[in-house]
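These notes are about the structure you will find just below.
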Amino acid sequence: MPAQSRFADMPMAGQPVSAGGMPSGVSAGGLVSALWRARLWIVLPVIVATALAVLWLSGVTPLYRSTAKVLVENQETAYTRPSATVEERTLLDQESIRSQVQLLLSADLSRKIITDLNLGSLPEFNPDSAPSVFSRILSLFGIARDPAGMTNDEKVLDKYYERLTVYQVEQSRVIAVEFASENPELAARIANAIADGYIDMQKTAKRDATREASDWLKSQVDTLRTKVDEAERKVEDYRTEHGLFSTLRGATQPQTLSGQQLSELTSQLAVARALKSEAQAKARLIREMLESGGPIESSEVLNSPLIQGLVSQQVQLRAQIAELSTTLGPRHPRMLQLNAQLGDLRKQIRDEAMKYARAAENDAAVAAEREQDLLANLEALKAKAAQSNENEVALRALERDAKSERDLLESLLARYRDATARGDLESLPANARLISRAAPASEPYFPKTLATLLAAFLGSLVLTCGIVITLELFRSVGEYPVGATSLPVPVRGGPAGSPVGGPSGTGPGTGPGPGPGKRRTKDRESDKEAPRAVAEEPALTGFVGGARKTGLDGIRDRILLNSSGDIAHTVLVTAVRDLPDTKAFAMRLARDVAGQGRRVVVVDTAFSEDKAGADDKAGAEEKPEDGTLGLGDLLMGNAAFETVIRRDEYSRVHAIAAGTTVADPLILLASDRMETVLEALRLTYDVVFVLAPAVIRHGEARLLAARADFALLLSNGAVGETASRRARDRLEAAGVEGVEVITIAENGDDPERTAA
Numbered sequence: 001m002p003a004q005s006r007f008a009d010m011p012m013a014g015q016p017v018s019a020g021g022m023p024s025g026v027s028a029g030g031l032v033s034a035l036w037r038a039r040l041w042i043v044l045p046v047i048v049a050t051a052l053a054v055l056w057l058s059g060v061t062p063l064y065r066s067t068a069k070v071l072v073e074n075q076e077t078a079y080t081r082p083s084a085t086v087e088e089r090t091l092l093d094q095e096s097i098r099s100q101v102q103l104l105l106s107a108d109l110s111r112k113i114i115t116d117l118n119l120g121s122l123p124e125f126n127p128d129s130a131p132s133v134f135s136r137i138l139s140l141f142g143i144a145r146d147p148a149g150m151t152n153d154e155k156v157l158d159k160y161y162e163r164l165t166v167y168q169v170e171q172s173r174v175i176a177v178e179f180a181s182e183n184p185e186l187a188a189r190i191a192n193a194i195a196d197g198y199i200d201m202q203k204t205a206k207r208d209a210t211r212e213a214s215d216w217l218k219s220q221v222d223t224l225r226t227k228v229d230e231a232e233r234k235v236e237d238y239r240t241e242h243g244l245f246s247t248l249r250g251a252t253q254p255q256t257l258s259g260q261q262l263s264e265l266t267s268q269l270a271v272a273r274a275l276k277s278e279a280q281a282k283a284r285l286i287r288e289m290l291e292s293g294g295p296i297e298s299s300e301v302l303n304s305p306l307i308q309g310l311v312s313q314q315v316q317l318r319a320q321i322a323e324l325s326t327t328l329g330p331r332h333p334r335m336l337q338l339n340a341q342l343g344d345l346r347k348q349i350r351d352e353a354m355k356y357a358r359a360a361e362n363d364a365a366v367a368a369e370r371e372q373d374l375l376a377n378l379e380a381l382k383a384k385a386a387q388s389n390e391n392e393v394a395l396r397a398l399e400r401d402a403k404s405e406r407d408l409l410e411s412l413l414a415r416y417r418d419a420t421a422r423g424d425l426e427s428l429p430a431n432a433r434l435i436s437r438a439a440p441a442s443e444p445y446f447p448k449t450l451a452t453l454l455a456a457f458l459g460s461l462v463l464t465c466g467i468v469i470t471l472e473l474f475r476s477v478g479e480y481p482v483g484a485t486s487l488p489v490p491v492r493g494g495p496a497g498s499p500v501g502g503p504s505g506t507g508p509g510t511g512p513g514p515g516p517g518k519r520r521t522k523d524r525e526s527d528k529e530a531p532r533a534v535a536e537e538p539a540l541t542g543f544v545g546g547a548r549k550t551g552l553d554g555i556r557d558r559i560l561l562n563s564s565g566d567i568a569h570t571v572l573v574t575a576v577r578d579l580p581d582t583k584a585f586a587m588r589l590a591r592d593v594a595g596q597g598r599r600v601v602v603v604d605t606a607f608s609e610d611k612a613g614a615d616d617k618a619g620a621e622e623k624p625e626d627g628t629l630g631l632g633d634l635l636m637g638n639a640a641f642e643t644v645i646r647r648d649e650y651s652r653v654h655a656i657a658a659g660t661t662v663a664d665p666l667i668l669l670a671s672d673r674m675e676t677v678l679e680a681l682r683l684t685y686d687v688v689f690v691l692a693p694a695v696i697r698h699g700e701a702r703l704l705a706a707r708a709d710f711a712l713l714l715s716n717g718a719v720g721e722t723a724s725r726r727a728r729d730r731l732e733a734a735g736v737e738g739v740e741v742i743t744i745a746e747n748g749d750d751p752e753r754t755a756a
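Heads up: the sequence shown begins at 1 in the UniProt record's numbering, then just goes up one per residue.
See the structure below:
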């Protein structure tokens, strides 16, 4: 069988891990077998843990827990509320409920309960008892207080808080008070005492607050009374000083004297003006009647008795003249006499009317004089009223101050009377009430026998099984399946590049040295499980520092131990000409180095288009069919480290595939980005294997040689010694410090490994 068939079956780095998430060498059946083999190491700890749990349960003191429940709400009524007309609603939000929980846990209430129930005298709370070993350990690490430095009261209080639990019932205003004790009656009594003490504390706090409010209000009332007296005294003094006396206008509206006088003068002035206008109108009307010669129809004139008598006589004369005119002529003496008398009456009437006109004119003149006097008095009073108004402004300011002080005094007096009345009550309602009293428990809540035994049994069982499975997984990590564990058989032979013997194993290079039967024990055990011919595996041989070593051990030691003793960080793996075994050889060597506890990564740089085609002809896979990203994608910026690094299925080796092929890979490999990638890998891993295409046909190996600590140059029987030396010289000229020429034999012949 050709050497290619041996390495073609070997799994390559970058293959996905099995679906089960464990190495393919570990199966569910193997784990069950491991558990069965370690059954004694599983059963014994389980029995011991269960026995210890039973022993602990038999010695621990049971605890009983009782619960009292308190409802937090406003208990004020219309008779106990501070104001009967205004309802005060206490805001009971979550912060208020949590505040009440802290009040139940307060040290003052706790000390009161301890004193009232004399808990310090009970053995359960006895502070003189020696602290437990666990308490001593906690105090040494500073987790708990040192009992030696605590007083008896502090020890009792600490034990009290250890047994007490107060919490808010979810989505409610109910607070649960739980207390645990060795005596169920005592647990119930303490829980009820805490609830009752909490309610009494609230009542006492309300009563004290009311009394404090009464005392404060009394002092404020006394102070305000003095201020009110002073303010009212200032008002009266200012009014007297400035003559701002006031009278009532109408029923209740006050009015100052100046204002009243001004109002009266204004009224008198209006009356005088009206009288003047009326008299002037009468006089003007009478004169117009007299001047027109018409009858006098003024009511003032006609209402005069004298005028009425004259008019009556005039009427009589006209009647006589009319009667006599029927018998006497107009020139008759009697008629002339009567007409003369009628003319006299008319003249008398006009004279009397003129008198009325002159009288009206006199009245108008008097009214005008009165008007002038009133106007003069009004102007003087206006000036006085203006000054009085300014004084009234200041007076009203003083009155407002006095009124505000009096209103405040009356308000505080009402509150003071209310607070005094509330303070006289024997008890004020608390903002909570007990809705469920604690009852003695019939069964202990601690310890839970069944739960403790199950926890001990299942916990120890799971723990021991987990330990066994973990150890089995660690033991299986790094072990490979049959197709990956057989080492290439190293043989010792002639010079590098010499032909390899035929299938019979004889040839020019045959000589003494280890053959296929001289492999490591692990390889022999793996080979027993696989129906593979040992003689079909390729062979490796070589020298390290002049000492002869066989197989991968010598190459591995050359990598791990160089002249200075440091780890060789970068190892270039290439071939003289294209070999299908280059990648498989590098992976086997990387797995062997990783088995020594090193962090190893394998980087494939064969991403050129022509190299991919050449390897395809040889049967190797250079570009995964699933489109796996690799070094080419990383250098072109199309991928990140976390997307290109994959773990080997059979070891802890990490690998970076070639990835996307490119036309000219030398540009990418010579770039600063390639140097950055290698530097990052050197900082992360202990050993970096760099796979490069063949030296003769490609330039990648020579370009990468300057960045490697040393190189492994692979050859086989088909490569001549001249070609091997020419390839080695090219690598050395490129800058690599040392070159190992490895000849891989297809049968068991002894090719030679030369250290340069």
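No residue lacks a Cβ here, since even glycine has one placed at the ideal position from N, Cα and C. No experiment lies behind these values; they were computed from the predicted model shown.
Q: Check whether the segment 683 to 692 touches the segment 568 to 582, taking contact to mean three or more Cβ pairs, one atom from each stretch, closer than 8 angstroms.
A: They touch, by the three-pair rule.
Q | For G197 and I113, believed in contact at Cβ under 8 angstroms, the rounded distance | A | Going by Cβ atoms, the distance from I113 to G197 rounds to 6 angstroms, so yes, they are a contact pair.
**Q.** Close Cβ partners of R406 (< 7 angstroms) along its chain, the five nearest in sequence each way excluded
**A.** Within the same chain, V228 come within 7 angstroms of R406 by CB-CB distance, once the 5 residues on both sides are set aside.
Q. Is the beta carbon of L374 sitting closer than 7 angstroms to the one on L275?
A. Annotated as distal: L374 and L275, with beta-carbon spacing of 7 angstroms or more.
Q | Nearest to A365 (by Cα), restricted to the options Q280, R211 and L40 | A | Nearest C-alpha to A365: Q280.
Q. Taking one C-beta from the segment 626 to 637 and one from the segment 719 to 731 each time, how about it: are there three or more such pairs within less than 8 angstroms?
A. With the cut-off at 8 angstroms, the segment 626 to 637 and the segment 719 to 731 do not touch.
Q. Secondary structure at E649, three-state DSSP: helix, strand or coil?
A. Under the three-state reduction of DSSP, E649 is assigned to coil, being neither helix nor strand.
Q: Go ahead and label L428 buried or exposed: buried means 16 or more other beta carbons lie within 10 angstroms of its beta carbon, across all protein chains shown.
A: Answer is buried; the Cβ neighbour count reaches 16.
Q. In whole angstroms, what is the alpha-carbon distance linking L378 and N391?
A. The straight-line gap separating the alpha-carbon atoms of L378 and N391 is approximately 20 angstroms.
Q | Candidates G120, A639 and A438: closest to A187 by CA position | A | Ranked by how close their Cα comes to the Cα of A187, the residues G120, A639 and A438 have A438 in first place.
Q: With DSSP as the reference, please indicate the residues paired to H654 in a beta bridge.
A: H654 is bridged to V601 and R647.
Q) Helix, strand or coil: how does DSSP classify V739 here? A) DSSP places V739 in strand when its eight states are reduced to three.
Q | Cβ pair count under 8 angstroms reaching 3, the segment 99 to 117 against the segment 161 to 175 | A | Yes, since at least three Cβ pairs between the segment 99 to 117 and the segment 161 to 175 fall closer than 8 angstroms, the two stretches touch.
Q: Tell whether a beta-carbon distance below 7 angstroms holds between A701 and T574.
A: For A701 and T574, yes; Cβs fall inside 7 angstroms.
Q | Nearest residue (CA-CA) to R730, options E323, A706 and L71 | A | Per the Cα distances, A706.
Q: Please name the residue, chosen from L412, R728 and I744, that lies closest to E737 on a Cα-to-Cα basis.
A: The residue among L412, R728 and I744 with its C-alpha nearest the C-alpha of E737 is R728.
Q. Three-state secondary structure (DSSP) at I744?
A. Reduced to three states, the DSSP call for I744 is strand.
Q) Anyone know if the C-beta pair for R350 and L290 falls short of 7 angstroms? A) Cβ atoms of R350 and L290: closer than 7 angstroms.
Q | Burial state of T464 (16 or more Cβ within 10 Å) | A | Label assigned to T464: buried.
Q.
Quick check on the DSSP output: what are the complete alpha helix (DSSP H) runs of length 4 or more inside the segment 315 to 400, in order along the chain?
A. Within the segment 315 to 400, no complete alpha helix (DSSP H) run reaches 4 residues.
(Q) Quick check on DSSP: helix, strand or coil for L629? (A) Residue state, collapsed to three classes: coil.
(Q) For V644, tell me which candidate among L703, L681 and A376 has the shortest Cα-Cα distance. (A) Looking from the CA of V644, the closest CA among L703, L681 and A376 belongs to L681.
Q.
Can you list, in chain order, the residues of its chain with a C-beta nearer than 6 angstroms to that of E399? Leave out the 5 residues immediately preceding and following it.
A. Within the same chain, E399 has close Cβ partners V235.
(Q) Could you pull the DSSP bridge partners for K716 from this structure? (A) Rather than Lys, the amino acid found at residue 716 in this sequence is Asn. Beta-bridge partners of N716 (DSSP): I744.
Q. Does DSSP put Y238 in a helix, a strand or coil?
A. Of the three classes helix, strand and coil, the one that applies to Y238 here is helix, per DSSP.
Q) When you compare each of E410, S442 and S436 to residue 757 by their alpha carbons, which one comes out closest? A) Here the chain has residues from 1 to 756 only, and residue 757 is not among them.
**Q.** Assigned exposure category for V60 - 16 Cβ within 10 Å defines buried
**A.** Exposed.
Q: Rounded to whole angstroms, what's the CA-CA distance from N431 to K203? Just pull it up for me.
A: Their Cα atoms are separated by approximately 8 angstroms.
Q | Buried versus exposed, by CB contacts within 10 Å (16 or more), F641 | A | Exposed, since its Cβ has fewer than 16 Cβ neighbours within 10 Å.
**Q.** Contacts around A734, its chain only, beta-carbon distance under 6 angstroms, and the 5 residues preceding and following it disregarded
**A.** These residues qualify, in order along the chain: R702, A705 and A706.
(Q) Among V653, L471 and V677, whose alpha-carbon lies nearest the alpha-carbon of T605? (A) That would be V677, whose Cα lies nearest to the Cα of T605.
Q: Look up E278 in the DSSP assignment and say whether it is helix, strand or coil.
A: E278: helix per DSSP, three-state reduction.
Q: On a CA-only basis, which of F474, D363 and L381 is nearest S263? Give me that one, please.
A: It is L381 whose Cα lies nearest to the Cα of S263.
Q: Tell me the start and end of each unbroken beta strand (DSSP E) in the segment 412 to 482 that is at least 3 residues and wholly inside, in chain order.
A: For the beta strand (DSSP E) assignment, the uninterrupted runs of no fewer than 3 residues enclosed by the segment 412 to 482 are, from N- to C-terminal side, 432 to 436.
Q: Could you tell me the distance, in whole angstroms, from the CA atom of E352 to the CA atom of A322?
A: Each residue's alpha carbon lies about 26 angstroms from the other.
Q) What is the C-beta distance between A195 and L434, in whole angstroms, given that I count them as a contact (C-beta under 8 angstroms)? A) Right, the Cβ-Cβ distance comes to about 5 angstroms (below 8 angstroms), so this counts as a contact.
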